[in-house]
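S.K.: Structure in C-alpha cells, see below.
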Amino acid sequence: MSTHKHIDRICIAAIILSLVFTLLFLNGEALGIQPASKAMGYENRLFDTSEVHTIDIVMDDWEDFIENCENEEYVTCTAIIDGEAYKNIGIRAKGNTSLRNVSAMNSDRYSFKLEFDHYDSGKNYYGLDKLSLNNMIQDTTYMKDYLTYQMMGEFEVDAPLCSYAYIRVNGEDWGLYLAVEGVEDAFLKRNYGNNHGSLYKPDSMSFGGGKGNGREFDMENFMANDDMPDMSEQPPSPPEKINDERMDRNREDFGNAPGGMGSSDVKLQYIDDDPDSYSNIFDNAKTDIDNTDKTRLIQSLKALSELSNLEEIVTIDKVIRYFVVHNFVCNGDSYTGSIIHNYYLYEDNGQLSMIPWDYNLAFGTFQSKDANSMINSPIDTPVSGGATDDRPMVDWIFSSQEYEELYHQLFAKFLENTDFLGLIDTTYELIAPYVEKDPSKFYSYEEFETGVSVLKEFCLLRKESVGGQLAGIIPSDKDGQSADNSSLVDASHITLSDMGSMGGEHGGPDGGMHMAGNPHNDTGAINNPDNGMENNHQPNNSDIRQAWAEDSAVSPEQNPNINHQFTPPDRNAKNMSPGQFSEPATDIPTPYSRNVWILLAVSGIVLLGGLLVAFKFKRS
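For what it's worth, numbering that gives the first Met the number 0 labels the leading residue of the sequence shown as 0, then goes sequentially.
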C-alpha cells in the first residue's frame, strides 16, 4: 500500500481526467469530430419500405382546415405515426398548381406538410423535422415519385427517403399517400453531418420559395399553348439579369422564353459577381447564408461556366449519377425541362451537387403526347429542345471525352443493376390493396392497374432504347435521331397519359383527374364512397396488362368497394382508435454510426487506463 501523502488526490485526478476525456469523445461532433453522415433514427421506422405505414391525424376543426387549405397556413394537430402520438405539431397544405387543381376538382385530397418543430423547436420524429405527404395527383400509378427516389438512392444519389402511408383523419379513412423526407435540416445532417454546407431550391417561377408558391402560375394558359417553341432553333438565353419586369412578362407569356422557362440564375449560369443577380437562388436558400456563402457560390458558378477546376467545383460522381437516373425517367418538369425548377442545389466549400425533388410527372408524362419521343429521348442531349449549353450543371458532362465516357459507363451500370420490373412488382403487391380501398383517390382502381402496366412497359422500352444508344445502334443525340430515326424503339402501342399527366389527356376534365370517390359531402363529413367507376381507358397493350393481372396479388376483378374502416393487414399495432396510442419515448434511442462506436471504444480505453494508473499508485 502506497504511503504517498497525495495518493488519494492522484487517484481522484486520474479518474476525473478519464471522465473528462470520455465526455469529450462522446460529444466529439459538437467539437468538430464527426462522420460524413449520421444515423438519425427515423430511417428504419417511417421510411421502412417493406410495409405501408399508418398516420392518423387528429384535429378538432378538420373541416375548417380543409376549407382554408389554399391559404397554406399552419395549424396544430396530433399525428399518430404507427401507433406513436406526436402532439402539437404543425400541418398545412402544400403544392404548387396542385392546390388549385384539387380545389377545382371539388376534392379535399390535398398534399400536406407536417412540421414537427413548428410550435416546439425541440420536437422531432426520431430526428426528422419535416415530412411531406404527397397526394399522388397526376399519377395513376402511385409510383412515379416513389420509384425515382428509390432508384436515386440505390444508385448512391443523396435523395430524400420515402415510403407509403395510409392516412386516417379522426379515425376515418382518408387515403394512400407518399411520405417523403423533407429536404431540410434532418436530411442535411443524415447525409452530410452537423457541419454541412448550404442548401438552395432555385426557382424563378414562384414555385420554390415556400408557402404561397405557384400562385402566379396559370396552368390553363400554359397548357393552352400546345405548340411549344422548338428551342433547338433558338439561341440559349444570354447570361443577363432577370428583373421584375422581365419576370412579369415571362409569367404572361409562359413557355415562350428561349432555352426554357427560367431565369439565368436558376439555370445555374454565371451572370456577374453581384449577389443581386442571383436572387432566385439566394432568396430560396433553405439554410442560413451570409455574403461569404453568396460569394463562394458565385465563384463556383463562374468556374463551372469556364469549365475550370471541375473536380473542385462539382461532385463529379454523384452529379453524373443524378443525371443518369434523371435522364432515364424523362422528367420534363425539372432542371432539364422547359420549366426550370424542381431541384435542390447543395454547396459545400465551393463544391456543387444536385438533390432530386418532385417526380410525379416523370416517365414522359410532362406535356408529352408522343411515347416514341420519350422512350427514345437522347441521353446525350437531355435538355428540352436539345441544346445543353445553357444548362451548365449538365453541360460539363459532355464537355470532355472523359466525363462523357464516365456518364456512359455509369448509365450502363445503372441499367445492368436496376431490376425495374422487380421493383414495380414489389411495389404493386405492397400498395394494391390500399389503392383499392383508397376512398379519395383521383383515379379508379382499373386506371391504376392500366397505369402500372404502362409504367412497366415504359421501363422495358426505355431500357432497350438507352441500351441501344450506349451501344451506338441508336443515335444518342437529337440531331442524330432527326437525321435517321430508323433504329428507334417503337413505343407507339402505349399511351403515356395512362400513367397520369400534366395536361390531363387521361381521365376527365379538371386537370385530367376524376375522383373515384370523394370522401366528403358538403358539410365535410367523411362518407363511404362508391369506387365502382366505369373505366373508359382500356390499355393498348392488352397482353401485357393480362399477364400483369395474372401475376398480381390483387386482380382487377376483385371487389373495389370500400370498407369504411380499413385495417392494414397483419399490423396489430396500427389497429388503434384515435384515443388508443402510445406516447413516443422522451429520450428516443438513436442508432450510433460506426464512428461513434469507435469514439466510445477509445473513451473506454482512456477510462480503463486512468483506473490502471490509479491502482498502480495504490499498490506501490
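Idealized CB from N, CA, C, for every residue including glycine.
Here the structure is a predicted model, which is why all the values come from computation and not from measurement.
What separation, rounded to the nearest whole angstrom, lies between the Cα atoms of TYR163 and GLY170?
M.R.: Walking along the sequence shown from the start, residue 163 turns up at place 164. Walking along the sequence shown from the start, residue 170 turns up at place 171. Each residue's Cα considered, the two are about 18 Å apart.
S.K.: Take THR335 as the anchor and find which of GLY385, ASN371 and LYS301 has the nearest alpha-carbon.
M.R.: Residue mapping note: residue 335 aligns to position 336 of the sequence shown, counting from 1. For the residues GLY385, ASN371 and LYS301, the minimum Cα distance to THR335 belongs to GLY385.
S.K.: Within 10 angstroms of the Cβ of ILE15, are there 16 or more other Cβ atoms? Answer buried if so, exposed if not.
M.R.: One-based indexing of the sequence shown puts residue 15 at position 16. Exposed: under 16 other Cβ atoms inside 10 Å.
S.K.: Round the Cβ separation of VAL488 and ILE374 to the nearest angstrom and send it over; I've been treating them as touching at under 8 Å.
M.R.: Within the sequence shown, the letter at position 489 stands for residue 488. Within the sequence shown, the letter at position 375 stands for residue 374. About 6 Å; that satisfies the 8 Å criterion.
S.K.: Just checking LYS462 against the ligand HEM - is the residue's beta carbon closer than 7 Å to any of the ligand's heavy atoms?
M.R.: The ligand HEM is absent from the structure shown, which contains no ligands of any kind.
S.K.: Express the C-alpha separation of SER278 and ASP264 in angstroms, rounding to a whole number.
M.R.: The residue you call residue 264 lines up with position 265 of the sequence shown. The residue you call residue 278 lines up with position 279 of the sequence shown. Their backbone Cα atoms lie some 8 Å apart in a straight line.
S.K.: Would you identify the three-state DSSP class for HIS52, choosing helix, strand or coil?
M.R.: For the purposes of this step, residue 52 is taken as the residue at position 53 of the sequence shown. In this structure, HIS52 counts as strand in the three-state DSSP scheme.
S.K.: Excluding the 5 residues preceding and the 5 following GLY349 in the sequence, name in chain order all residues of the same chain whose CB lies nearer than 6 Å to its CB.
M.R.: The residue given as residue 349 occupies position 350 in the sequence shown. Here the set comprises ARG295 and SER299.
S.K.: For the candidate residues GLN149, GLU445, GLU311 and MET392, whose alpha-carbon lies nearest to that of ILE339?
M.R.: The sequence position of residue 339 within the sequence shown is 340, counting from 1. The shortest C-alpha separation from ILE339 is found at MET392.
S.K.: Mind checking THR364: buried by the 16 CB within 10 Å criterion, or exposed?
M.R.: As a first step, residue 364 must be located in the sequence shown, where it is residue number 365. Burial call: buried.
S.K.: Near THR147, which residues of its chain fall below 6 Å by C-beta distance, leaving aside the five closest residues on each side in sequence?
M.R.: Numbered from 1 along the sequence shown, position 148 holds the residue referred to as residue 147. If we look at THR147 and ignore the five residues flanking it on each side, its Cβ neighbours are VAL328, TYR358 and ALA361.
S.K.: Just the C-alpha distance for VAL324 and ASN371, rounded to the nearest angstrom, thanks.
M.R.: Translated into the one-based positions of the sequence shown, residue 324 becomes position 325. Translated into the one-based positions of the sequence shown, residue 371 becomes position 372. Taking the straight line joining both Cα atoms gives about 19 Å.
S.K.: If we ignore side chains and look at the alpha-carbon of each, how far apart do ILE280 and ALA185 end up?
M.R.: Residue 280 sits at position 281 when you count from the first residue of the sequence shown. Residue 185 sits at position 186 when you count from the first residue of the sequence shown. Spanning the two alpha carbons is a distance of roughly 21 Å.
S.K.: Identify the continuous alpha helix (DSSP H) that holds ILE88 and give its terminal residues.
M.R.: Along the sequence shown, one-based indexing puts residue 88 at 89. Unbroken run through ILE88 is the beta strand (DSSP E), 83-93; no alpha helix (DSSP H).
S.K.: Are the beta-carbon atoms of VAL51 and TYR433 separated by less than 8 Å?
M.R.: Counting from 1 along the sequence shown, the entry for residue 51 is found at position 52. Counting from 1 along the sequence shown, the entry for residue 433 is found at position 434. Yes, these two residues count as a Cβ contact at 8 Å.
S.K.: By how many angstroms is the C-alpha of GLN400 removed from the C-alpha of SER554?
M.R.: Along the sequence shown, read from residue 1 onward, the residue named residue 554 stands at position 555. Along the sequence shown, read from residue 1 onward, the residue named residue 400 stands at position 401. With a pLDDT of 35 at SER554, under the threshold of 50, the modelled position of that residue is not reliable, and no figure is offered here.
S.K.: Cβ of LEU414 within 8 Å of Cβ of LYS455?
M.R.: Working through the sequence shown from its first residue, we reach residue 414 at position 415. Working through the sequence shown from its first residue, we reach residue 455 at position 456. Not in contact: LEU414 and LYS455 (Cβ atoms no closer than 8 Å).
S.K.: Do you know offhand how far LEU495's Cα is from TYR343's?
M.R.: As a working note, residue 495 is residue 496 in the sequence shown. As a working note, residue 343 is residue 344 in the sequence shown. Whole-angstrom Cα-Cα distance: 27 Å.
S.K.: Going by alpha carbons, who is nearest to PHE410 out of LEU429, LEU422, MET498 and ILE319?
M.R.: In the sequence shown, the residue the question calls residue 410 occupies position 411. Per the Cα distances, ILE319.
S.K.: Note down the Cα distance separating TRP547 from ALA490, rounded to an integer number of angstroms.
M.R.: Working through the sequence shown from its first residue, we reach residue 547 at position 548. Working through the sequence shown from its first residue, we reach residue 490 at position 491. No answer about TRP547 holds up, because its pLDDT of 35 lies below 50 and its placement is not dependable.
S.K.: May I ask you to report which of helix, strand or coil DSSP gives SER496?
M.R.: Counting from 1 along the sequence shown, the entry for residue 496 is found at position 497. If DSSP states are grouped into helix, strand and coil, SER496 belongs with the helices.
S.K.: Counting Cβ pairs, one atom from each stretch, are 3 or more of them under 8 Å apart for the segment 303-318 and the segment 423-430?
M.R.: The answer is no - the segment 423-430 does not touch the segment 303-318, with fewer than three Cβ pairs under 8 Å.
S.K.: Kindly indicate which three-state DSSP category SER162 falls into: helix, strand or coil?
M.R.: The sequence position of residue 162 within the sequence shown is 163, counting from 1. Strand at SER162.
S.K.: Per DSSP, which residues does SER342 bridge with? Please list them.
M.R.: Numbered from its first residue, the sequence shown carries residue 342 at position 343. A small fix is needed here, since residue 342 is Tyr in this sequence, not Ser. Note: TYR342 sits in a beta bridge opposite PRO355.
S.K.: Just curious, the beta strand (DSSP E) that SER486 is in, first and last residue?
M.R.: Counted from its first residue, the sequence shown places residue 486 at position 487. It is not in any beta strand (DSSP E) - SER486 carries neither H nor E in the DSSP assignment.
S.K.: May I ask which residues mark the beginning and end of the beta strand (DSSP E) holding ASP172?
M.R.: Position 173 of the sequence shown, counting from 1, holds the residue named residue 172. Unbroken beta strand (DSSP E) run through ASP172: 171-180.
S.K.: Expressed to the nearest angstrom, what Euclidean distance is found between the alpha-carbon atoms of GLY152 and SER486?
M.R.: On the sequence shown, residue 152 is found 153 positions in, with the first residue counted as 1. On the sequence shown, residue 486 is found 487 positions in, with the first residue counted as 1. Taking the straight line from one Cα to the other gives about 32 Å.
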